[in-house]
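Peer 1: Sequential numbering from 1 applies to the sequence shown in the UniProt record's numbering. We put the CB at the ideal spot given by N, CA and C, even for glycine. My questions all concern the structure below.
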Amino acid sequence: MSKKMVVLGEIREGSLRNVSFEAIAAAKSAAQGGEVVGVLVGQSVNALGSDLIQYGADRVVTVEHANLAQYTSDGYAQALLAVIQDVNPDGIIFGHTALGKDLAPRLAAKLNSGLVSDVTRIEGAAGNLIFTRPIYSGKAFEKKIITDGLSFVTIRPNNIVPLVKDESRTGDISSLKMEIKDLRSIIKEVVSKASMGVDLSEAKVIVAGGRGVKSKEGFAPLQELAKILGGAVGASRGACDADYCDYSLQIGQTGKVVTPDLYIACGISGAIQHLAGMSNSKVIVAINKDSEANIFNVADYGIVGDLFEVVPMLTEEFRKL
Ligand code: FAD
């Protein structure tokens, strides 16, 4: 049975995050031939509508308002509720990002609907959508169906492959006029840290350092390798606790969950809490001077050696390509 699905396009620094295109691919399979409606919320966001259409959305609805220039759960919830009333979808898909994790449960609770979070696969069967999500730190997968109201879903970035962009695709981009009122908080200014380059949760390549990196300066060769590979730098909690790097880089059970194409773990022992955040990476390379380190149990390729010798050698080799 075909369904009508809505996808929230997530905007960061004026561009759509990749997970928005992955969400459209997920919505397409969930819609089973039905309509996929992209939604953009913000100020002056209309121009991004064609991107959503070229990646597979059938049409786009925008909600533009000065009070939506910065994300607030209150403002976005008002906008999304109006879109839901206007479009009357069967389900809504968000990225499993800070924004999606904040907004999707809020809307689902407001509408007494079911929510499945951190989904890595969507299948349609006999009227029901079946959502697959990892549990027990990625050791098992559960399949869920939603029996009540709309289906609210967040999808894990880097798992569902986006459709190939088709620049010839066209579709309607309409705007929904509404008042955004009585906001309980308004963001006046955003002071962001200096850009760390590629966004960790969406990076295709991650070079991560652990306590074996030994100092803040010890991260420099990892940054060099990440730069050559067009990737991001991550870290274990051991490295963050030792103040070698910022907690925003922490990967694991209490940090970010990542699934890059390539994860290079340098001087990381492979504690269960770290594996919870990276063991679903497509290819794992571990560099550790202890051949018994647990990280080698999940690695596809292991290098037993000193990371301060191995990482610069890898950088030099990749530089030649
Ligand atoms: P270590 O375990 O000290 O390992 C360092 C490794 O570096 C060793 O294997 C050593 O052989 C190797 N090494 C040293 N020098 C070199 C060198 N020159 N070259 C190559 N290798 C070298 N951890 C996380 O990462 N993420 C989490 O989200 C997280 N959440 C947690 C939640 C809870 C509730 C708890 C209790 C713990 C959590 N931890 C988490 C901590 C986790 O248990 C480990 O303590 C931590 O992951 C260890 O970090 P590490 O591997 O960098 O350090």
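When the Cα atoms are used, what is the spatial distance from A27 to G56?
Peer 2: Translated into positions along the sequence shown, residue 27 becomes position 27. Translated into positions along the sequence shown, residue 56 becomes position 56. One C-alpha to the other measures close to 9 Å.
Peer 1: Considering only heavy atoms of the ligand FAD, does any lie closer than 6 Å to the CB of S300?
Peer 2: Position 300 of the sequence shown, counted from the start, is the residue given in the question as residue 300. Here the sequence assigns Asp to residue 300, which means Ser is not the residue at that position. No, the ligand FAD has no heavy atom inside 6 Å of this Cβ.
Peer 1: Which residue from E10, G255, K165 puts its Cα closest to that of G95?
Peer 2: Start at 1 with the first residue of the sequence shown, and residue 95 comes out as number 95. The shortest Cα separation from G95 among E10, G255, K165 belongs to E10.
Peer 1: Within the continuous beta strand (DSSP E) that includes S20, where are the two ends?
Peer 2: As a first step, residue 20 must be located in the sequence shown, where it is residue number 20. Note, S20: premise wrong, no beta strand (DSSP E); alpha helix (DSSP H) at 18-31.
Peer 1: Determine the direct distance from the alpha carbon of A286 to that of V205, and round the result to whole angstroms.
Peer 2: Position 205 of the sequence shown holds residue 205. Position 286 of the sequence shown holds residue 286. Near 14 Å, if we compare the C-alpha coordinates of A286 and V205.
Peer 1: How far does the alpha helix (DSSP H) with K227 in it reach, from first residue to last?
Peer 2: One-based indexing of the sequence shown puts residue 227 at position 227. Residues 220-228.
Peer 1: Less than 7 Å separating the beta-carbons of Y71 and L99?
Peer 2: To locate residue 71, count along the sequence shown from 1; it is residue 71. To locate residue 99, count along the sequence shown from 1; it is residue 99. Yes; because the gap between Cβ atoms is below 7 Å, this pair is in contact.
Peer 1: For the ligand FAD, is there any heavy atom lying closer than 6 Å to the beta carbon of L111?
Peer 2: Translated into positions along the sequence shown, residue 111 becomes position 111. No, since every heavy atom of the ligand FAD falls outside the 6 Å radius drawn around the Cβ of L111.
Peer 1: So what does C266 bridge to, in DSSP terms?
Peer 2: Position 266 of the sequence shown, counting from 1, holds the residue named residue 266. Paired residue(s): G209, I287.
Peer 1: Assuming G42 and A69 form a contact by the criterion Cβ under 8 Å, report the distance between their Cβ atoms to the nearest whole angstrom.
Peer 2: Counting from 1 along the sequence shown, the entry for residue 42 is found at position 42. Counting from 1 along the sequence shown, the entry for residue 69 is found at position 69. At roughly 6 Å, the Cβ-Cβ gap stays under 8 Å, so G42 and A69 are in contact.
Peer 1: With a threshold of 7 Å between beta carbons, is T254 in contact with chain B?
Peer 2: The structure shown contains no chain B; it is built from a single protein chain.
Peer 1: What first and last residue would you give for the alpha helix (DSSP H) that runs through E309?
Peer 2: As a first step, residue 309 is located in the sequence shown; it is residue number 309 there, counting from the start. Start and end: 307-320.
Peer 1: Would you mind stating whether I130 and I145 have Cβ atoms separated by less than 7 Å?
Peer 2: As a first step, residue 130 is located in the sequence shown; it is residue number 130 there, counting from the start. As a first step, residue 145 is located in the sequence shown; it is residue number 145 there, counting from the start. Yes, Cβ-Cβ distance for I130 and I145 is below 7 Å.
Peer 1: Counting only runs of 3+ residues fully inside the stretch 56-95, write out the beta strand (DSSP E) ranges in chain order.
Peer 2: Runs found: 59-64, 91-95.
Peer 1: Say yes only if the C-beta of G252 is nearer than 6 Å to one or more non-hydrogen atoms of the ligand FAD, and no if none qualify.
Peer 2: By 1-based counting over the sequence shown, the position of residue 252 is 252. G252: yes, Cβ under 6 Å from the ligand FAD.
Peer 1: Our contact map puts R237 next to Q223 with C-beta atoms below 8 Å; I'd like the distance itself, whole angstroms only.
Peer 2: Counting from one through the sequence shown, the residue named residue 237 turns up at place 237. Counting from one through the sequence shown, the residue named residue 223 turns up at place 223. That belief does not hold up - the Cβ atoms of R237 and Q223 are roughly 19 Å apart, past 8 Å.
Peer 1: Report yes if the C-beta distance between V116 and V161 is below 7 Å; otherwise report no.
Peer 2: As a position in the sequence shown, residue 116 is number 116, starting the count at 1. As a position in the sequence shown, residue 161 is number 161, starting the count at 1. No, these two residues do not count as a Cβ contact at 7 Å.
Peer 1: Consult DSSP for R169 and reduce its assignment to one of helix, strand or coil.
Peer 2: Within the sequence shown, residue 169 is the residue found at index 169, counting from 1. Correct three-state label for R169: coil.
Peer 1: How about M278 and V258: are their beta carbons less than 7 Å apart?
Peer 2: Locating residue 278 in the sequence shown gives position 278, counting from the first residue. Locating residue 258 in the sequence shown gives position 258, counting from the first residue. Cβ atoms of M278 and V258: closer than 7 Å.
Peer 1: Do S20 and the ligand FAD come close, with the Cβ less than 6 Å from some heavy atom?
Peer 2: Along the sequence shown, read from residue 1 onward, the residue named residue 20 stands at position 20. No.
Peer 1: What did DSSP end up calling A43 once you bin it into helix, strand or coil?
Peer 2: For this step, residue 43 is matched to residue 43 along the sequence shown. The sequence given here has Gln at residue 43, not Ala. Coil.
Peer 1: Alpha carbon to alpha carbon, how far is L107 from N67?
Peer 2: Residue 107 sits at position 107 when you count from the first residue of the sequence shown. Residue 67 sits at position 67 when you count from the first residue of the sequence shown. Their Cα atoms are separated by approximately 19 Å.
Peer 1: From residue 323 to A271, what distance separates their C-alpha atoms?
Peer 2: Residue 323 lies beyond the stretch modelled for the chain, which goes from 1 to 321, so this question has no answer here.
Peer 1: Give every residue of the same chain whose Cβ lies closer than 8 Å to the Cβ of D306, excluding the five residues on either side of it in the sequence, and list them in chain order.
Peer 2: Along the sequence shown, read from residue 1 onward, the residue named residue 306 stands at position 306. Result list for D306: K289, in chain order.
Peer 1: Would you report the Cα separation of S281 and K177, rounded to the nearest angstrom?
Peer 2: Within the sequence shown, residue 281 is the residue found at index 281, counting from 1. Within the sequence shown, residue 177 is the residue found at index 177, counting from 1. Their backbone Cα atoms lie some 42 Å apart in a straight line.
Peer 1: Does the Cβ of A140 have 16 or more other Cβ atoms within 10 Å, making it buried, or fewer, making it exposed?
Peer 2: Walking along the sequence shown from the start, residue 140 turns up at place 140. Exposed, by the Cβ-count rule.
Peer 1: Among G149, G75, E123, whose alpha-carbon lies nearest the alpha-carbon of E142?
Peer 2: As a first step, residue 142 must be located in the sequence shown, where it is residue number 142. Closest option to E142, Cα to Cα, is E123.
Peer 1: Going by the beta-carbon positions, is the gap between G91 and L150 smaller than 7 Å?
Peer 2: As a first step, residue 91 must be located in the sequence shown, where it is residue number 91. As a first step, residue 150 must be located in the sequence shown, where it is residue number 150. Yes, the Cβ-Cβ distance between G91 and L150 is below 7 Å.
Peer 1: Please state the DSSP three-state secondary structure of S281.
Peer 2: For the purposes of this step, residue 281 is identified with residue 281 of the sequence shown, where counting begins at 1. Three-state DSSP puts S281 in coil, outside helix and strand.
Peer 1: The alpha helix (DSSP H) with D102 in it runs from where to where?
Peer 2: The residue labelled residue 102 in the question sits at position 102 within the sequence shown. From DSSP, the alpha helix (DSSP H) with D102 extends over 98-110.
Peer 1: Drop a sphere of 10 angstroms on the beta-carbon of M1, count the other beta-carbons inside from all chains shown, and report buried for 16 or more, exposed for fewer.
Peer 2: The residue you call residue 1 lines up with position 1 of the sequence shown. Answer is exposed; the Cβ neighbour count stays below 16.
Peer 1: Answer with buried or exposed for L225, where buried requires no fewer than 16 other C-beta atoms within 10 angstroms of its C-beta.
Peer 2: For the purposes of this step, residue 225 is identified with residue 225 of the sequence shown, where counting begins at 1. Label assigned to L225: buried.
Peer 1: Taking 7 Å as the threshold (C-beta atoms), are A23 and V36 in contact?
Peer 2: Here residue 36 is taken as the residue at index 36 of the sequence shown, counted from 1. Here residue 23 is taken as the residue at index 23 of the sequence shown, counted from 1. In this structure, A23 does not lie closer than 7 Å to V36 by Cβ.
Peer 1: In the DSSP assignment, what residue or residues form a beta bridge with Q250?
Peer 2: Translated into positions along the sequence shown, residue 250 becomes position 250. According to DSSP, Q250 bridges with A235.
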